[in-house]
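**Student:**
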Amino acid sequence: MRPPPFSYADPSTVDEALDLLAQHGDDATILAGGQSLVPLLNFRLAQPAVIVDINRIADLAYIERRNGALEIGTLTRQRAVERSAAVSEACPLLGEAVADVGHVQTRNRGTVGGSLAHADPTAEISAAVTALGGSLRLRSASAERTLTPDEFFVSNLMTAIEPGEMLVAVALPVWPAGTATCFNEFSRRQGDFALAGAAAALTFGGDGRIERAGLGLLGVGDRPFDGAAIASELLCGEKPSEAAVQAVAERVQSSVDPLSDIHSPADYRRHLAGVVTRRALQGAIRRGTSG
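Spelled out as structure tokens, the structure:
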């Protein structure tokens, strides 16, 4: 398998990259970690005229606390997130989710922005960003805008990124003290694409009642499923109980719209949506009430 012919550019600054994207529009594709793009090129499922390699842009690789959020540059390697003390302290759910992405070898090259921009509905990072209520910052040569996950993810392998734009960072709000999180997914083998997964975040008050809830699912539709409204309605203001958790799982299971593929029929993914939701919420509750 050989990729189609293309022109190659490797800018060293964000402005240079954006100028190239503005110049070439739909004909340009960004190369970051290459874990998704290179296979697409080899199968000729992607045939860009120009590849813009952003690996020399050091300003896009960072993990920093800014304005009450943890901001991560688009070129930050997944392995760096997995091993980051800042992520472990401020957004442990993201670190837990990233640890289930492929294998160490792919996480060494794969980037946070690359995974988000690829928009695979089975991606762990997308589910965690959805659960935490993150935001995605896009830039072009002339403008900048920030989108919610619901605005950013359009469908399977489709995002709201316009020609000439680049995802430059994701910002995750730092949840308050008393927050516990858990990530759970089901795959046939370690490192395989998950059939379904759930990322949960719960904030507990001093009286043990749940004050805030976040929930994001993967593998159960054509984009990440945001279950925060369901979890908030059934859990917030209450002390955690198995009955409430089961109610959330059943509501999620009836709300998702999974697709059938060679790995699993839709009905099985719908069943798994309830299973991983229950397990993720139970894990967060155990962590939040164990002290």
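Here the numbering used here is used: the first residue of the sequence shown is 688, the next is one more, and so on.
Don't be surprised by glycine CBs; every beta carbon is placed ideally from N, CA and C.
The structure presented is a predicted model; accordingly, all values stated were derived computationally and were not measured.
Express the C-alpha separation of Ala918 and Phe840 in angstroms, rounding to a whole number.
**Tutor:** Taking the straight line joining both Cα atoms gives about 21 Å.
**Student:** Residues in the same chain with beta-carbon distance under 6 Å from Arg966, minus the five sequence neighbours each way, listed in chain order, please.
**Tutor:** Excluding positions up to five away in sequence, the list reads Asn871.
**Student:** Along the chain, where does the beta strand (DSSP E) containing Pro726 start, and where does it finish?
**Tutor:** Here Pro726 belongs to no beta strand (DSSP E); instead the alpha helix (DSSP H) covers Leu724 to Asn729.
**Student:** Can you give me the Cβ contacts of Asn795 inside the same chain, cut-off strictly under 7 Å, excluding the 5 residues immediately before and after it?
**Tutor:** Cβ neighbours of Asn795 beyond the five flanking positions: Arg764 and Arg766.
**Student:** So Ala830 is in the alpha helix (DSSP H); what residue range does that whole segment cover?
**Tutor:** No alpha helix (DSSP H) contains Ala830, which DSSP labels as neither H nor E.
**Student:** If I'm right that Leu905 touches Pro808 with Cβ under 8 Å, what's the distance once you round it to whole angstroms?
**Tutor:** About 6 Å separates the two Cβ atoms, so the contact holds.
**Student:** CB Pro860 to CB Gly914, shorter than 9 Å?
**Tutor:** The answer is no: Cβ separation not under 9 Å.
**Student:** Who are the near neighbours of Arg899 in its chain, counting only those whose CB is closer than 6 Å to its CB and skipping five residues on each side?
**Tutor:** Thr890.
**Student:** Helix, strand or coil for Thr890, going by three-state DSSP, please let me know.
**Tutor:** In the structure shown, Thr890 sits in a strand (DSSP, three-state: E or B).
**Student:** State the Cα-Cα distance for the pair Ala867 and Val768, rounded to the nearest angstrom.
**Tutor:** If you take the alpha carbons of Ala867 and Val768, they lie about 19 Å apart.
**Student:** Going along the chain, which residues of its own chain have a beta-carbon closer than 7 Å to the beta-carbon of Ile717, five neighbours each way excluded?
**Tutor:** Cβ neighbours of Ile717 beyond the five flanking positions: Val739, Ile741 and Met853.
**Student:** Using only alpha-carbon positions, find the residue among Val701, Gly970, Gln877 and Thr700 that is nearest to Val791.
**Tutor:** The shortest C-alpha separation from Val791 is found at Gln877.
**Student:** Among Gly961, Pro836 and Asp948, which has the Cα closest to the Cα of Arg938?
**Tutor:** Residue Gly961 is the option with its Cα nearest to Arg938.
**Student:** Out of Ile759, Ala886 and Glu776, state which residue places its alpha-carbon closest to the alpha-carbon of Ala810.
**Tutor:** Checked all of Ile759, Ala886 and Glu776; the closest Cα to Ala810 is Ala886.
**Student:** Please classify Leu825 as buried or exposed, where buried requires at least 16 other C-beta atoms within 10 Å of its C-beta.
**Tutor:** Counting Cβ neighbours within 10 Å, Leu825 comes out buried, since at least 16 surround it.
**Student:** Between the Cα of Thr700 and those of Leu728, Ala709, Leu747 and Leu724, spot the shortest distance and give me the residue it belongs to.
**Tutor:** If we check each option's Cα against that of Thr700, Leu747 comes out closest.
**Student:** Leaving out five residues before and five after Gly789 in sequence, what residues of the same chain have Cβ atoms less than 6 Å from its Cβ?
**Tutor:** Only Gly878 meet the Cβ criterion.
**Student:** To which residues does DSSP link Asp740 through a beta bridge?
**Tutor:** Answer by DSSP bridge pairing, in chain order: Leu718.
**Student:** Check each candidate in Arg731, Asp706, Tyr695 and Leu757 and name the one with the smallest Cα separation from Pro863.
**Tutor:** With distances taken between Cα atoms, Pro863 lies closest to Leu757.
**Student:** What did DSSP end up calling Asn859 once you bin it into helix, strand or coil?
**Tutor:** Sequence inspection shows Leu at residue 859; the Asn mentioned does not correspond to that position. If DSSP states are grouped into helix, strand and coil, Leu859 belongs with the strands.
**Student:** Three or more beta-carbon pairs under 8 Å between the segment 689–700 and the segment 772–787, yes or no?
**Tutor:** The segment 689–700 vs the segment 772–787: no contact.
**Student:** What separation, rounded to the nearest whole angstrom, lies between the Cα atoms of Val737 and Leu844?
**Tutor:** Taking the straight line joining both Cα atoms gives about 20 Å.
**Student:** Taking DSSP's pairing of strands, which residues face Cys869 in a bridge?
**Tutor:** Paired residues: Ala887.
**Student:** Let me make sure I understand the geometry here. Which of Leu727, Arg832 and Val857 has the alpha-carbon closest to that of Arg752?
**Tutor:** Out of Leu727, Arg832 and Val857, Val857 has the C-alpha closest to the C-alpha of Arg752.
**Student:** Once DSSP output is grouped into helix, strand and coil, what is the label at Glu758?
**Tutor:** Note: Glu758 maps to strand in three-state DSSP.
**Student:** Using the rule of at least 16 other Cβ atoms within 10 Å of the residue's Cβ for burial, across every protein chain shown, is Gly800 buried or exposed?
**Tutor:** Gly800 should be labelled buried.
**Student:** Going by CA-CA distance only, name the one from Leu727, Leu705, Gly721 and Ala704 that's closest to Arg689.
**Tutor:** Taking only the C-alpha atoms, the option nearest Arg689 is Leu727.
**Student:** Taking 8 Å as the cut-off, is the C-beta of Gly712 nearer than that to any heavy atom in the ligand MN?
**Tutor:** In the structure on display, the ligand MN does not appear, and there are no ligands present to speak of.
**Student:** Taking Ile823 as the reference, which of Cys869, Gly760, Ser842 and Gly884 has the closest Cα?
**Tutor:** Position check: residue 823 holds Leu in this sequence, whereas Ile was assumed. It is Gly760 whose Cα lies nearest to the Cα of Leu823.
**Student:** For Ser802, count neighbouring Cβ atoms within 10 angstroms of its own Cβ and tell me buried if that reaches 16, exposed if not.
**Tutor:** Buried.
**Student:** Between the Cα of Gly892 and those of Gly908, Arg910, Leu922 and Ala934, spot the shortest distance and give me the residue it belongs to.
**Tutor:** Ranking Gly908, Arg910, Leu922 and Ala934 by Cα distance to Gly892 puts Leu922 first.
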